[in-house]
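Each residue of the sequence shown is one higher than the one before, counting from 0 in numbering that gives the first Met the number 0. Glycine included, every Cβ here is placed at the ideal spot set by N, Cα and C. Heads up, the thing below is written out as structure tokens.
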Amino acid sequence: MNENIVKRNALLATKVIKGLESRNMSGYYCADKEEALKKALELIPEGSSVTMGGCMSAHEIGLVQALKEGNYDFIDRDAYEDKRAAMLAAYDADFFLSSANAITEDGVMINIDGNSNRVSAIAQGPKKVLFIVGMNKVCSDIDGAMKRARNVAAPINAQRFGLSTPCAKTGSCFDCKSPDTICCQFLMTRFSRHKDRIHVILVGDNLGF
Ligand code: SF4
0 MNENIVKRNA
10 LLATKVIKGL
20 ESRNMSGYYC
30 ADKEEALKKA
40 LELIPEGSSV
50 TMGGCMSAHE
60 IGLVQALKEG
70 NYDFIDRDAY
80 EDKRAAMLAA
90 YDADFFLSSA
100 NAITEDGVMI
110 NIDGNSNRVS
120 AIAQGPKKVL
130 FIVGMNKVCS
140 DIDGAMKRAR
150 NVAAPINAQR
160 FGLSTPCAKT
170 GSCFDCKSPD
180 TICCQFLMTR
190 FSRHKDRIHV
200 ILVGDNLGF
């Protein structure tokens, strides 16, 4: 990555981490995927039960593979035939892994969800939530974060899942009420009442979408 982008990411991350701390959440900056994996494994003690929503970023830094191969109780929702049982197991996990559709420079995270298992587990349930967030998700303010979530993340996710939504066909949001819409619930995480529950690893590489 260009050295000026690296410098900019590190500086901006300092601001985001300060914002997270003001909201009772912990933030860390890792310059690349390798550092991010190391940090995540430092934060998750061996023996922990770990589950996740659809978090591409955790895959991209190699965390999912490391958890599956290591001494962890990885709750693999894809292995459950009973999807409701998988969702209920997630609420009782030690760690829930997620990314954010967008994060503001002052530490507010925005997530959109169709099934809503991801946003509900972020809000309540798992003992800790570990976010893996590429610096490409940082937006200047809440308005920018909402626009990113709806015009970048949601259309790509709709395409990824082969959904019949206007954004999947055009690449931007039409505020649809399509039966396939993935914009059912919007979660704005602006403060954690429980200190040490929400941890955010910001990564200097581009992750997810
Ligand atoms: S509201 Fe509809 S068109 Fe807009 S991003 Fe969500 S699914 Fe796509």
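Cβ-based neighbour list, residue i, same chain, cut-off 6 angstroms, excluding 5 preceding and 5 following
{"i": "Phe185", "result": "Ile111"}
{"i": "Asn100", "result": "Ile109, Asn110, Ile111, Ala148 and Ala152"}
{"i": "Cys172", "result": "Arg149, Asn150 and Cys166"}
{"i": "Arg196", "result": "Lys127"}
{"i": "Arg76", "result": "Ala85"}
{"i": "Gly124", "result": "Tyr90"}
{"i": "Ile16", "result": "Gly26"}
{"i": "Gly18", "result": "Asp105 and Gly106"}
{"i": "Val216", "result": "Absent from the model: residue 216. The displayed extent of the chain is 0 to 208, so no value can be given."}
{"i": "Asp93", "result": "Ser47, Ser48 and Lys126"}
Per DSSP, cross-strand counterpart(s) of residue i
{"i": "Asn150", "result": "Answer by DSSP bridge pairing: none, since Asn150 is not bridged."}
{"i": "Lys37", "result": "According to DSSP, Lys37 bridges with nothing at all."}
{"i": "Val128", "result": "Phe95 and Ile197"}
{"i": "Val107", "result": "Bridge partners of Val107: none, in fact."}
{"i": "Phe73", "result": "Val49"}
{"i": "Asp112", "result": "Gln184"}
{"i": "Cys138", "result": "Thr103"}
{"i": "Gly133", "result": "Val202"}
Beta carbon of residue i nearer than 8 angstroms to that of residue j
{"i": "Lys32", "j": "Glu59", "result": "yes"}
{"i": "Gly61", "j": "Glu45", "result": "no"}
{"i": "Gly26", "j": "Val202", "result": "no"}
{"i": "Phe130", "j": "Ser163", "result": "no"}
{"i": "Gly106", "j": "Gly207", "result": "no"}
{"i": "Ile102", "j": "Ala144", "result": "yes"}
{"i": "Ile4", "j": "Gly113", "result": "no"}
Residues of its chain near residue i, where Cβ-Cβ distance is below 7 angstroms and the 5 sequence neighbours each way are ignored
{"i": "Ala167", "result": "Pro154, Ala157 and Gln158"}
{"i": "Ala120", "result": "Gly52, Ala89, Tyr90 and Phe95"}
{"i": "Ala65", "result": "Leu36 and Leu40"}
{"i": "Asn205", "result": "Gly133 and Asn135"}
Boundaries of the alpha helix (DSSP H) in which residue i is found, first to last residue
{"i": "Ala78", "result": "Run containing Ala78: none; DSSP gives neither H nor E here."}
{"i": "Lys17", "result": "Glu2 to Ser21"}
{"i": "Ala65", "result": "Leu62 to Glu68"}
{"i": "Asn116", "result": "Asn116 to Ala122"}
{"i": "Cys260", "result": "The question about residue 260 has no answer here: the residues shown for the chain are numbered 0 through 208."}
Terminal residues of the beta strand (DSSP E) in which residue i lies
{"i": "Ala101", "result": "Ala101 to Thr103"}
{"i": "Asn214", "result": "The structure shown does not extend to residue 214, since the chain is modelled only from 0 through 208, so no value can be given for it."}
{"i": "Thr188", "result": "Gln184 to Thr188"}
{"i": "Ser56", "result": "From DSSP, Ser56 is part of no beta strand (DSSP E) but of the alpha helix (DSSP H) over Met55 to Glu59."}
{"i": "Cys29", "result": "Ser25 to Cys29"}
Residues near residue i by beta carbon distance below 8 angstroms, same chain, minus five either side
{"i": "Cys29", "result": "Ala35, Lys37, Lys38, Ile200, Leu201, Val202 and Gly203"}
{"i": "Lys14", "result": "Glu104 and Asp105"}
{"i": "Tyr71", "result": "Ile43, Glu45, Gly46, Ser47, Ser48 and Val49"}
{"i": "Met55", "result": "Ser98, Leu206, Gly207 and Phe208"}
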